[in-house]
Each structure stands twice: as C-alpha cells, then as structure tokens.
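S.K.: The opening position of the sequence shown corresponds to residue 4 in the working numbering, with each subsequent residue numbered one higher.
Note that the Cβ used here is the ideal one computed from N, Cα and C, for glycine as well.
Quick one: the structure is below, and I'll ask about it shortly.
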Amino acid sequence: MVTLFSFSLSWNEILIFFFAATLIGMAKTGVHGAGMMAVPLLAAVFGGQISSGILLPVICLADAMAVWYYHRHASWHHLRKLFPWAALGTVLGTLVGGMIDDGIFKIIMAVVIIGSVITMLWLNRGHQKDIPDFAWFAILIGIVAGFVSMVGNLAGPLMAVYFLSMRLPKDEYIGTTAWFFMVMNWFKVPFHVWGWHTINLDTFLLDLTTLPFIAFGAYAGIVIVKHLKEHVYRWFIIIMTLVAAVFMLI
C-alpha cells in the first residue's frame, strides 16, 4: 500500500487512477466514450460519491485543456438554452444525491447510459432531417444532465444524445460539449466542497498528480479525432458509449 495525501492505495489502484485520468483527457478532446469508462473505474477504487468528488477536479482540468484547443468551435445558441436548466438539475442533485447509496447510484448510471445509447441509435435510423430543437427537449436534457452530473459525473451520454441530435459538425460538437462541461463542472465545485464535503485539500493534491496523464490523454484524443470523418466520428461516439454501458454492467 502507498499513502498519498491521506489515501492508502495499492499500486493497482494507483494505476487505475492514472489510467482513468488518461481516459478523461481523451474524452474531453473528442473520444467521449472513454470518459464513461473512467467513472466505474474510480467508483470501484473510492466508492460512488467519494469518487465523484475525486474525479471532478480531474475533469475540470481536462475541461480547461479541451476548451483551450476547441474554444472557437461552440454553438452558443444551444448552450444558452441548456445552462439554466442544468444548473437547476445540479442543485437538485446536491439535495437528493447524498441520500443515494452506492448500489442505487450504480443502477442509475447503468440506466442513464443504456437509455442514452438506445436514443442515439434511434436518432440514426435515417432521420437526417429531423432535428428535435424543442424547448422541452433542452429543458429535460438540461435538468437530467445537471442532476446526473452532480450525483456521478455521468452527463456525457446525455449530452452526446442532445448534441448529436442537433446535427452539429464534428469540431462544433466537441467545442460545444467542452464549453458546456467546463462551465457546469466548475459550477459544481462549491457544492462538492461545502455541500457534500467530497473535495478537500487532500483530494485536490491527489488530483494534481494526474496532470501529466490528463495532458497525454487530451493529446491522444485530438490525434484520434483528427483522423475520423464526420459520419465515422458520429458512429464512433455511439459505439464508445455502448461500450461504456456494457462496461458498467459487468
């Protein structure tokens, strides 16, 4: 066992932690399904709610890298409709999330991922001109994404559903997603610090050790995405999310 800032971890757990940070870096620069695999990895090491607090600063650092690279590509038309409702969902998640045990938490994660995959597959049945740009759709996605993001950093598949359904081009899709999560994840930090008490100096210092792995993952994600055409990338996101869903149920 190795002690890192009050955490006693085995070498295997440390490797899992760094590997998860690499996946988060990749996810934020376009390989979104990779991030979903990081959530259960950290939940297995630290437990459900504690892992969400440990993971959040890692995600915030990765968000900053993604926005730095893709900051010119964002659809603010969609973001403005989502932010208020996602903030509401975050507050609801703060109030209710503390009463959810790890078992229920894992069930919620699995249901959300599987539901997102089914929805994305339905959206790709050939309805290329059907863009559900309705107010109720943005409200629903925003609230649920904020709630699930607060409870377990699991809004990725939901936002993939929303932005894929808007038929955003590849770079605009990644840039819009990057801006959305950077704003929302930094918004969540005070709730974790003073509400759930899952972020403190020790967890933050532990997270700083992952910086090189986040940067490597972010660079790898950029390289991978550059070599994928628009339609290939769309199916890549769907397949990666499906892999994450299966991984959660193992």
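With DSSP as the reference, label Thr213 as helix, strand or coil.
M.R.: Residue numbering aside, residue 213 sits at position 210 when the sequence shown is read from its first letter. Reduced to three states, the DSSP call for Thr213 is coil.
S.K.: Ignore the nearest five residues each way along the sequence and tell me which others in Leu85's own chain have a CB closer than 8 Å to its CB.
M.R.: On the sequence shown, position 82 is the one that residue 85 refers to. So the qualifying residues of the chain are Ala141, Ile144, Gly145, Ala148, Tyr165 and Phe183.
S.K.: Quick one: which unbroken alpha helix (DSSP H) runs of 4-plus residues sit fully inside the region 44-95? Chain order, please.
M.R.: Fully enclosed alpha helix (DSSP H) runs of 4 or longer: 51-73.
S.K.: Counting only runs of 4+ residues fully inside the region 123-183, write out the alpha helix (DSSP H) ranges in chain order.
M.R.: Qualifying alpha helix (DSSP H) stretches, in chain order: 138-155 and 159-168.
S.K.: Starting from Phe10, follow its DSSP beta bridges and name the residues at the other end.
M.R.: Taking the sequence shown and counting its residues from 1, one reaches residue 10 at position 7. Note: Phe10 sits in a beta bridge opposite Leu7.
S.K.: For Leu44 versus Ala24, is the C-beta spacing smaller than 8 Å?
M.R.: By 1-based counting over the sequence shown, the position of residue 44 is 41. By 1-based counting over the sequence shown, the position of residue 24 is 21. Contact flag unset, no.
S.K.: My understanding is that Ser55 touches Val154, with C-beta atoms under 8 Å, so please give their C-beta distance in whole angstroms.
M.R.: Here residue 55 corresponds to residue number 52 of the sequence shown, with the count starting at 1. Here residue 154 corresponds to residue number 151 of the sequence shown, with the count starting at 1. Ser55 to Val154, Cβ: 7 Å. Contact.
S.K.: Take Ala41 and list the residues in its own chain whose beta-carbon comes closer than 6 Å to its own, dropping the five residues that flank it on each side.
M.R.: Reading the sequence shown from its first residue, position 38 is the one you call residue 41. Result list for Ala41: Ala23, Leu26 and Ile27, in chain order.
S.K.: Would you tell me roughly how many angstroms separate the C-alpha atoms of Ile240 and Ser9, rounded to the nearest one?
M.R.: Your numbering for residue 240 matches position 237 in the sequence shown. Your numbering for residue 9 matches position 6 in the sequence shown. Going from the Cα of Ile240 to the Cα of Ser9 covers about 37 Å.
S.K.: With burial defined as no fewer than 16 other Cβ atoms inside 10 Å of the residue's Cβ, what is the status of His195: buried or exposed?
M.R.: Taking the first residue of the sequence shown as position 1, residue 195 is located at position 192. So His195 ends up on the buried side.
S.K.: Pairing CB atoms from the region 74-84 with CB atoms from the region 174-190, are three or more of them under 8 Å?
M.R.: In short, these stretches touch, since the Cβ pair count reaches three.
S.K.: Mark Leu171 as exposed unless 16 or more other C-beta atoms lie within 10 angstroms of its C-beta, in which case mark it buried.
M.R.: Within the sequence shown, the letter at position 168 stands for residue 171. Flag for Leu171 reads buried.
S.K.: Starting from the Cα of Ala47, find the closest Cα among Glu233, Leu18, Gly101 and Leu209 and give me that residue.
M.R.: Counting from one through the sequence shown, the residue named residue 47 turns up at place 44. Checked all of Glu233, Leu18, Gly101 and Leu209; the closest Cα to Ala47 is Leu18.
S.K.: Going by beta-carbon coordinates alone, are Val256 and Val115 separated by less than 8 Å?
M.R.: Residue numbering for the chain in the displayed model covers 4 to 253; residue 256 lies beyond these limits and cannot be assessed.
S.K.: Considering only their Cβ atoms, is the gap separating Thr93 from Phe190 smaller than 8 Å?
M.R.: Taking the first residue of the sequence shown as 1, we reach residue 190 at position 187. Taking the first residue of the sequence shown as 1, we reach residue 93 at position 90. Yes. Within cutoff.
S.K.: Between which residues of its own chain and Leu95 is the CB-CB distance below 6 Å, once the five residues before and five after are set aside?
M.R.: Taking the first residue of the sequence shown as 1, we reach residue 95 at position 92. Answer for Leu95: Phe150, listed in chain order.
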